[in-house]
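Following: one structure in structure tokens, then a few remarks.
Protein chains: 4
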Amino acid sequence: MATRPLNVGLIGGGGGAFIVHPHERAIHFDGTRRVVAGALHPDPAFAMQEAADWPYPIRGYPSYDELIAAEAKKPVGERIDYALIVTPNHVHFDPAMKCLAAGIPVFCEKPLTVTLAEANQLVAAVEHRKIPFGVAHTYLGHWTSRFARFIVRSGLLGDVRWVDAYYLQGWLADRTEDKGVMQAEWRVDPKRAGASCCGGDIGTHALMQLRYVTGLEVKRVRAQLETFVAGRQLDDHFTAYCELHNGGRALVRASQIAIGHKNDLGIEVNGTKGSLVWVQEEPEKLIIRLPGQPDRVYWRGAVAANDGFLKDLPAELMAEPNIPAGHPEAFHDAFARLHRCFEQDVRAYLDHQPFHCDGSQYANVEDGRMGIAFIAAAVRSHEQGGAWVEMS
Amino acid sequence: MATRPLNVGLIGGGGGAFIVHPHERAIHFDGTRRVVAGALHPDPAFAMQEAADWPYPIRGYPSYDELIAAEAKKPVGERIDYALIVTPNHVHFDPAMKCLAAGIPVFCEKPLTVTLAEANQLVAAVEHRKIPFGVAHTYLGHWTSRFARFIVRSGLLGDVRWVDAYYLQGWLADRTEDKGVMQAEWRVDPKRAGASCCGGDIGTHALMQLRYVTGLEVKRVRAQLETFVAGRQLDDHFTAYCELHNGGRALVRASQIAIGHKNDLGIEVNGTKGSLVWVQEEPEKLIIRLPGQPDRVYWRGAVAANDGFLKDLPAELMAEPNIPAGHPEAFHDAFARLHRCFEQDVRAYLDHQPFHCDGSQYANVEDGRMGIAFIAAAVRSHEQGGAWVEMS
Amino acid sequence: MATRPLNVGLIGGGGGAFIVHPHERAIHFDGTRRVVAGALHPDPAFAMQEAADWPYPIRGYPSYDELIAAEAKKPVGERIDYALIVTPNHVHFDPAMKCLAAGIPVFCEKPLTVTLAEANQLVAAVEHRKIPFGVAHTYLGHWTSRFARFIVRSGLLGDVRWVDAYYLQGWLADRTEDKGVMQAEWRVDPKRAGASCCGGDIGTHALMQLRYVTGLEVKRVRAQLETFVAGRQLDDHFTAYCELHNGGRALVRASQIAIGHKNDLGIEVNGTKGSLVWVQEEPEKLIIRLPGQPDRVYWRGAVAANDGFLKDLPAELMAEPNIPAGHPEAFHDAFARLHRCFEQDVRAYLDHQPFHCDGSQYANVEDGRMGIAFIAAAVRSHEQGGAWVEMS
Amino acid sequence: MATRPLNVGLIGGGGGAFIVHPHERAIHFDGTRRVVAGALHPDPAFAMQEAADWPYPIRGYPSYDELIAAEAKKPVGERIDYALIVTPNHVHFDPAMKCLAAGIPVFCEKPLTVTLAEANQLVAAVEHRKIPFGVAHTYLGHWTSRFARFIVRSGLLGDVRWVDAYYLQGWLADRTEDKGVMQAEWRVDPKRAGASCCGGDIGTHALMQLRYVTGLEVKRVRAQLETFVAGRQLDDHFTAYCELHNGGRALVRASQIAIGHKNDLGIEVNGTKGSLVWVQEEPEKLIIRLPGQPDRVYWRGAVAANDGFLKDLPAELMAEPNIPAGHPEAFHDAFARLHRCFEQDVRAYLDHQPFHCDGSQYANVEDGRMGIAFIAAAVRSHEQGGAWVEMS
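Protein chains in written order, with this note's numbering: chain Y, 1 to 392; chain E, 1001 to 1392; chain A, 2001 to 2392; chain H, 3001 to 3392.
So, in structure tokens, the structure goes:
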């Protein structure tokens, strides 16, 4: 049945930002969401210009304060149904809190905040107000991420012993931040990025993948943060050895100086009975390996609900609207799945129905908080010469 | 600068069709195109119901005749800016001709028609009326397809000697058409699919990839069409040995009974100086191989305009709006690129400006006709025991 | 129990030959075979010099006639136990016939002969004299080749519908034969190589792999032989479309001008129930694909006799003396397996016991003859404009 | 020029040992080395029986003491030219010292000894007596290992920042040692294996690969040793974070509980200008990645001395006796290269010529000692809660 598309308001996204573009396409993807308003830049005049230059007509605002105030006054159906926050890290907390105060659901880029205190406040605010809140851990949107989560939880691999979760890049191998690359500039600046560059920016993705797929939490961590490029204040290489709550161990690794790696996020889960391997750059497949058996390479779209080995794949996984195997889904498809799932929760919220926001389909505010807590613990461990530090 | 989104009218697409969905997402992708109207099914009542069930409000029509008539009367800006034809093969010709007669640009699924006579008429109509006409050879939309085309034309590989172009699937390895799978039913029916199932449905994609990447035309062909599944009237396995206009040779191969192959479209071009390899299921990379040199694996988004080996990559290739390497683009991205390029031509047409429609960015009506001519020649060769048959 | 090593006599192999070296290592591999004599070159003086330069002391002979005559007079234990023929194609027949006449088992390089008449004579001579005769189709020696053969014969893939067997190389993409490369010189010379260069040299390997793995014979063939490099008399690119005895179809393809391909021999077998894929350059694995199931990647050494899917793997396959999975076997291991199996037959022959020589472990003289017959039919088809030609 | 084959004496290798078999084939490989004597087992009667059952006649000895004593009395040419020690770890030191005392060159399995004190003694003895001494770090024998070493030393990758060296296996994921698998039994026994199972057995290979390829030494280490399988006394999972002498960092990782990994040894070297990737299970290739350039995949045998990018490849690398690209070399080829290089040094030693034994072609006694020192430091770090421990 045809329904009106949801209205999305952008906070941030102008001035050459990268991440707004995948969000845009993800918002557009299904035809059931659209951008209607934006406070696209901290400079008011530039923000208005950027809004006027948006590919199609939207309401421009000179600041997010004005956007939130004005939109909150409009009736539902005209006003924005949710806000997308795509500002640098240090400008997540304030607009997110203000949206929540105005009753506007929020989809926020990661890392959630730059301090753990802020993250805790956001968690409290979301719990208090019971408003959908999503965090853009894109890679949970891959069908194979959800399939991996099902596999581990099904017990097929036994108890988890060891996890290798990593995210390796090479784009900061030299002083990219001095070459006018906005993406690099703010990431290496402690004021805008927080206490960690590499760990916070991409290590948190590796952690999120670990937590999502295994359902396990980190108990304590010992970490080494390295800065290989001279003159940089924050880490560009990050290694954390973790103890998990079930007694297992994990490496959470990240690098921005690993030349040749593009967005090499991956996870390997080793259990007492078998292992699985997933890599983001080839998101259509999941490999499962059991002793004395051939490697099983599963392809999205070609997994039967019962193949004599896997059983009882949940209807939700099987019914997923997607394209047939061999016509690959990729980054934008994952992004779109996040917004599609968030849309469902927002529509339920608007209808005063219960909504999930339980972390099973996209990361929620608590997932965001765990990323901040992990980085805080890792930085503390590093400062203490690599000692074990408990997660809080 | 914000501009109004283009309006797209759908002809076909209801009742469980597959291919309409990627088109939908591709239309939505950039926010600058939207579906506003549809004649979604040959059954008028069902067509109206399907339109009412569209994810967002559109104008439903009981038939494409009514859609074309009604839309043509609306002023530009309200009426559809182009029609997308996603009906079965035998219902391409009639609505396409009628759209052209009404001055409406057409983006049509392939194969263009079921007979060569119809294809010739369409070509003539397009030439006469000078209206943008696109054919949905999706895989031209991959950045790597366009990069491959540049590489061959740059002369890096020397003269083309041998091409292997193939499209292998396994989904018709048993009587899928008896299991209520609509996609299979019409494809194996000569009345709806034309003279070839496997060759027409997917062999034409392999041919298109060959023609697009090499710029070479097939001069003559000898072909074997096989029907492995009992009771089927059309081929499910297709092999054509081709002589190219430059004296080179090519295999154009297709199969629908190759279990384990999903949408395994690929091309290898062998020249006097080197070769390239491209496969659709891993569309982010292109491999170039020269004698005495390492294999060069190029990744979309990580290709420099001058890497000391490749030189003078055209600005068009470099400026392509896309996402960074390692965040893979895939099927929907390619689909969207087709509609994005077609949009540019439609906007030029609406502004009474020259438009390209020259086959360099998406397949045009002549490309569609060549597919039909190729299949006609292959069927004739098969009927003559595999004799050489000239392309017409 | 320790036994004396078998004595091998070489016919050919001097003067920069390539193929003698893998044979050498394969002979040495187990410590149970050694080279003791050689007629290494047609030039008598050079032959004697080459023998003196052999890495360890052997008996040199100025000609194979003298080698055969002298060795045949020695008592068993001192004389050569088998001859290895590694001369160019046109010098296989004569020494092979003479060895057989002298009661000396023969292991011969392929192609067996340059004419079908000679091949038929050799087959007759072997049948008449009942002497072990092997042909060096190396790739049968891979464990995975034997495993593939078992899989097809087990019925797991159903009836074979379509086979793609190919061997692609690039080393003759330009006039290698003019650069003093002995390997190239004789291969492109009709007098020394026979009626086909590419088909005879490597197409026969693809055919052998097809026949060994599927157990099916070619019924008739239509072929295209191309010569892409100007001035060459024989084909450097070979394509044969085959009808198999069971009604299935096969492509047997070979190229020597496919730049970037090194020794790209592979086979894909498609049956009514599933398919398998094997490639020589990654000989440790075999991929099996069934509908609705994950791809199964089997690794040599990691295959259980019963993994709940495969059953009843023959003891022979399981007991194979080899190294554990992940310590890859490769070309020399395959070569050594041929000589090891041939050694067993030679020892049985010396003990007046029955020996196998049935083509299940290495190619025999009949396999060699089939290669010659295939090329003869393909050449005939080519001469008749690609008409169907029956195998004889 | 033909020369007499070198005589090898085996110490250990009987009773179902695994590693003796690759050594055997490596000794046989070229025809210029052979096994002539053996003390194959600690049980004298069994040792004699095993010698009698050797595939070909050799001199059996009831103990290595007797072997060394008897062989040392024979004249050169009759006596063993070198000893191969393939006993469990704790039986390396004593026979090695005794061989050295008798003037017999030694090729010894790794790890060199079970204590650092012993290793130091062996180093001193070798230096004192100036006798060739090799340690069986097999993977240095791969052509690509040597090529990787050349690449790093050529400066192409700039200064080394970060190395990931790992060796992952899954065969000890459950209590393999209770199932009568001799290989597992002694490895998990502190008395026979030393202070570390996983680190000592395979972590040392990862370390050796790091040291060989980069030429860098570990300065200090912090390590975590885990025992995942209940009841085991030694580690089955090993993670060491290392500081290198040049200021770079490295992970040296090993696991024996990583199901699905067979012998997954690999190394990635990241420098300021580029990176390289090598994996043992695909030993034919080396990948080099530079910013803004395609991945370069180099294949053994297909590397030109000057491809316009690499320059001045040493003659030694180019002249390497091997088989053409695409006919893969693998484990036995690498093993054979070690013995072939050691043979050259032994022949020089016998001729009273200088010999190399400098670690450039195979590991020497100092390399062996570094492995022991590394494990000692790692175990100490682990005992101190993961503190930094300097290498000694």
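Every residue gets a Cβ at the ideal spot worked out from N, C-alpha and C, and that includes glycine.
So that I know if they touch, is there some Cβ in chain Y lying closer than 8 angstroms to that of residue i?
i: TRP1054 (chain E); result: yes
i: HIS1332 (chain E); result: yes
i: SER3255 (chain H); result: yes
i: PHE3228 (chain H); result: yes
Can you round the beta-carbon distance between residue i and residue j to whole angstroms, since I take them to be within the 8 angstroms contact cut?
i: ALA3400 (chain H); j: SER3381 (chain H); result: Here chain H comprises residues numbered 3001 to 3392, so residue 3400 (chain H) is not present and cannot be evaluated.
i: GLU284 (chain Y); j: TRP299 (chain Y); result: 6 angstroms
i: PRO88 (chain Y); j: SER63 (chain Y); result: That belief does not hold up - the Cβ atoms of PRO88 (chain Y) and SER63 (chain Y) are roughly 15 angstroms apart, past 8 angstroms.
i: LEU2338 (chain A); j: ALA2165 (chain A); result: Contact flag wrong, Cβ pair sits at about 19 angstroms.
According to the neighbour-count rule (16 or more other Cβ atoms, all chains shown, within 10 Å of its Cβ), is residue i buried or exposed?
i: THR2003 (chain A); result: exposed
i: GLN233 (chain Y); result: exposed
i: ASP1312 (chain E); result: exposed
i: SER3255 (chain H); result: buried
i: SER2275 (chain A); result: buried
i: ASN364 (chain Y); result: buried
i: ASP2333 (chain A); result: buried
i: SER3154 (chain H); result: exposed
i: ALA3376 (chain H); result: buried
How many angstroms separate the CA atom of residue i from the CA atom of residue j?
i: ASP3345 (chain H); j: TYR3082 (chain H); result: 11 angstroms
i: GLU1198 (chain E); j: ILE131 (chain Y); result: Here residue 1198 (chain E) is Cys; the residue named in the question, Glu, does not match the sequence. When rounded, the distance between both Cα atoms is 52 angstroms.
i: TRP1186 (chain E); j: ILE1019 (chain E); result: 14 angstroms
i: ASP1094 (chain E); j: ILE1011 (chain E); result: 11 angstroms
i: THR3115 (chain H); j: LEU3122 (chain H); result: 11 angstroms
i: PRO55 (chain Y); j: MET1001 (chain E); result: 6 angstroms
i: VAL1152 (chain E); j: GLY1359 (chain E); result: 16 angstroms
i: GLY3077 (chain H); j: GLU2281 (chain A); result: 41 angstroms
i: ARG3033 (chain H); j: HIS3023 (chain H); result: 11 angstroms
i: ARG3253 (chain H); j: SER3145 (chain H); result: 19 angstroms
i: LYS3262 (chain H); j: ALA2325 (chain A); result: 6 angstroms
i: ALA2378 (chain A); j: VAL2008 (chain A); result: 35 angstroms
i: GLU2217 (chain A); j: ARG3296 (chain H); result: 41 angstroms
i: GLY3247 (chain H); j: PHE1147 (chain E); result: 41 angstroms
i: VAL303 (chain Y); j: LEU140 (chain Y); result: 19 angstroms
i: ARG1037 (chain E); j: ARG1079 (chain E); result: Rather than Arg, the amino acid found at residue 1037 (chain E) in this sequence is Ala. Those two C-alpha atoms are separated by around 9 angstroms.
Answer with yes or no whether the minimum CB distance from residue i to chain E is below 8 angstroms.
i: TYR3298 (chain H); result: yes
For chain H, find out if any of its Cβ atoms is closer than 8 angstroms to the Cβ of residue i; answer yes or no.
i: ARG2129 (chain A); result: no
i: PRO1294 (chain E); result: yes
i: HIS382 (chain Y); result: no
i: GLU2024 (chain A); result: yes
i: GLN224 (chain Y); result: yes
Taking CB distances under 8 angstroms as the criterion, tell me whether residue i reaches chain A.
i: ASP345 (chain Y); result: no
i: ALA2 (chain Y); result: no
i: ILE3288 (chain H); result: no
i: ALA387 (chain Y); result: no
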